[in-house]
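To start, the structure itself, in structure tokens.
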Amino acid sequence: MRCCVRVPAFFPVTVRIDDEEVRFGIKRMTFEEYAWFDAAFKTHSDAGITEDAARAFVADTFDRFVVVQSELVAEESDGSERRITNGKDFLCVYGRYGLVVQELLGKVYLENVLDEEKKRALRSPAGSSASSAAPVGAGPRPETTAAPAGDGDSARTEAATPTMPDASSGSTERSLLDAAPSVN
């Protein structure tokens, strides 16, 4: 008996854009592609990289690993329409949607790193939302067992709270994902 396991070339993912669910395919990376992506992701996640280098990494990643599977059409300034079918075209039109670009870049990474069980846990409502648990109702208040303390022997709030020196250096770190939106 011959057994065949079909491994799809793309992981199906959806992203919400302008109140519409848009389907994408995230390419299942080969060993060599993943080695490049992982090294580039780690290098470009460094806060010291330039915005141009971050943009180039995002553009290359979308070009190589993202396919638009929904019918997505962009209206050009001259009134003509352009079908968006690949990650490069998507970035040209939707690059200003920073959170969408970040979400897709994260999906490229996660789809190629996590096993199916971990992906299911992230996709489940309990795994993806801290507020998915049912709220706990307030119960009866217990009776007071001690008399209130007076404030005669207490320290004032100002005296009891130490003043902490400002620990910030004045610099702001930029991450790869901060630079992702401006790809044009």
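Under the numbering used here, the first residue of the sequence shown is numbered -13, with each subsequent residue one higher.
Glycine included, each C-beta is placed from N, C-alpha and C at the ideal position.
Roughly how many whole angstroms lie between the Cα atoms of residue i and residue j?
i	j	result
Asp24	Ser63	38 Å
Glu37	Thr47	15 Å
Leu100	Leu85	21 Å
Tyr80	Cys(-11)	43 Å
Val53	Val(-7)	17 Å
Thr29	Arg50	18 Å
Ala40	Gly34	10 Å
Phe17	Leu96	15 Å
Val94	Arg2	16 Å
Ala45	Gly11	16 Å
Gln55	Tyr20	22 Å
Ala(-5)	Gln88	22 Å
Ala42	Val(-9)	36 Å
Glu102	Val8	22 Å
Asp4	Leu108	23 Å
Glu210	Tyr83	There is simply no residue 210 to check, as the chain begins at -13 and stops at 170 in what is shown.
Arg14	Asn98	6 Å
Leu77	Arg106	27 Å
Arg69	Gly92	24 Å
Met57	Thr71	Sequence check: residue 57 is Glu here, not Met. Answer to the nearest angstrom: the Cα atoms are 8 Å apart.
Phe(-3)	Leu90	12 Å
Gly65	Asp75	17 Å
Provide the residue(s) that pair with residue i in DSSP beta bridges, ordered along the chain.
i	result
Ile35	Bridge partners of Ile35: none, in fact.
Lys13	Phe(-4)
Val94	Partner(s): none; Val94 has no beta bridge.
Val86	Paired residues: none, contrary to the question.
Arg50	The partner list for Arg50 (beta bridge, DSSP) is empty, contrary to what the question assumes.
Val8	Val1
Arg41	DSSP lists no partner for Arg41.
Arg69	Val59
Tell me which residue opens and which closes the alpha helix (DSSP H) that residue i is part of.
i	result
Leu100	Element bounds for Leu100: n/a, residue is neither H nor E.
Val79	Gly73 to Tyr80
Specify, as a first and last residue, the run of the beta strand (DSSP E) that residue i falls within.
i	result
Glu62	Note, Glu62: premise wrong, no beta strand (DSSP E); not H, not E.
On the CB-based measure, 16 or more other CB atoms within 10 Å of its CB, does residue i come out buried or exposed?
i	result
Lys104	exposed
Glu61	exposed
Val(-1)	buried
Val59	exposed
Gly73	buried
Determine, using beta carbons only, whether residue i comes closer than 8 Å to chain B.
i	result
Leu77	Considering every chain present, this structure includes no chain B. It has just one protein chain.
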